[in-house]
Amino acid sequence: MAHIPDGILAAPVLIGGAVLAAGGVALALRQIDDRAIIRTAILSATFFAGSLISVPVGPSSVHLLLAGLMGVMLGSGAFLSVLVGLVLQALLFGFGGLTTLGVNTVNIALPGVLLGLALGPTIRRTTRPGLRAGLAALVGALSVLGTGGLVAACLALSSPAYAPVASVLLATYLPLALVEAAITAAVVGFLARVEPDALRPAA
């Protein structure tokens, strides 16, 4: 799962994650404008609800992340959207942890933000629906795999004993990557037809 609970990670990993998350959220707050607030809230609520539903896969479980979609639609604002969702989940349902909020925020949001920055301009600019869908699917899938890689890296860096578990957890993200590829392509394609401005990051 992308939600790493308290008591597992080493202090340097927790501190590094908190610093990176603080930087991402600070950047989002500096760049956000009025039109981004509602969109950020909607995507945060969608992430909050979607990631509460876990599906068992092998020895672990997976849930929707939607980081690729947030990266395309919000840019750096995805850090803020993910953090709000994680805070509410931790406080209301005990899902994830409080000490790991920074690490979990970075693990989920960072791949989507980077891929949104890299491929988002082409997704918004192209007039070819097939290319747009393919790139959106790539963003969705790679965001999930990026999160899986970061979760595995955090576990492996915290203790060598976690290395075998980390590799198994990474494999469980493969089915989710396919699902998120389809969801991201469908949502991006729909918005491109009915509301293209929704694909322009407001942050």
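For the sequence shown, counting from 1, position 10 maps to 10 in full-length UniProt numbering; every step adds exactly one.
Quick reminder that beta carbons are idealized off the backbone N, C-alpha and C, glycines included.
Bear in mind that the values here come from a model prediction, so they are computed numbers and not experimental data.
Item                                                                                                                                                                              : Value
Going by the beta-carbon positions, is the gap between residue 40 and residue 81 smaller than 8 angstroms?                                                                        : yes
Rounded to whole angstroms, what is the Cα-Cα separation between residue 70 and residue 86?                                                                                       : 15 angstroms
Tell me the DSSP secondary structure of residue 201 in three-state form.                                                                                                          : coil
Give me the Cα-Cα distance between residue 156 and residue 104, rounded to the nearest whole angstrom.                                                                            : 15 angstroms
When DSSP labels each residue in this structure, what does residue 56 get in the three-state scheme?                                                                              : strand
At what residue ranges does the segment 28-114 contain a whole run of the beta strand (DSSP E), taking only runs of 3 or more?                                                    : 55-57 and 60-62
For residue 192, which residues from the same chain have a beta carbon less than 7 angstroms from its beta carbon, with the 5 sequence-adjacent residues on both sides left out?  : 132 and 199
According to DSSP, is residue 181 part of a helix, a strand, or is it coil?                                                                                                       : helix
Please state if the CB of residue 17 and the CB of residue 67 are separated by a distance shorter than 8 angstroms.                                                               : no
At which residues does the alpha helix (DSSP H) containing residue 128 begin and terminate?                                                                                       : Taken as a continuous stretch (DSSP letters only), residue 128 belongs to no alpha helix (DSSP H), as it is neither H nor E.
Grouping DSSP H, G and I as helix and E and B as strand, with all else coil, what is residue 2?                                                                                   : coil
In this structure, how does DSSP classify residue 15 when only helix, strand and coil are distinguished?                                                                          : helix
What's the C-alpha gap between residue 201 and residue 124?                                                                                                                       : 10 angstroms
How is residue 167 classed by DSSP in three states: helix, strand or coil?                                                                                                        : helix
With a threshold of 7 angstroms on Cβ separation, who are the neighbours of residue 73 within its own chain once the five nearest residues in sequence on each side are excluded? : 39, 43, 198, 199 and 201
To the nearest angstrom, how far is the alpha carbon of residue 159 from that of residue 100?                                                                                     : 16 angstroms
Is the beta carbon of residue 173 sitting closer than 8 angstroms to the one on residue 148?                                                                                      : yes
Take residue 184 and list the residues in its own chain whose beta-carbon comes closer than 7 angstroms to its own, dropping the five residues that flank it on each side.        : 68, 69, 136, 137, 139 and 140
Am I right that residue 176 and residue 62 are in contact with their C-beta atoms under 8 angstroms? What's the rounded C-beta distance?                                          : 4 angstroms
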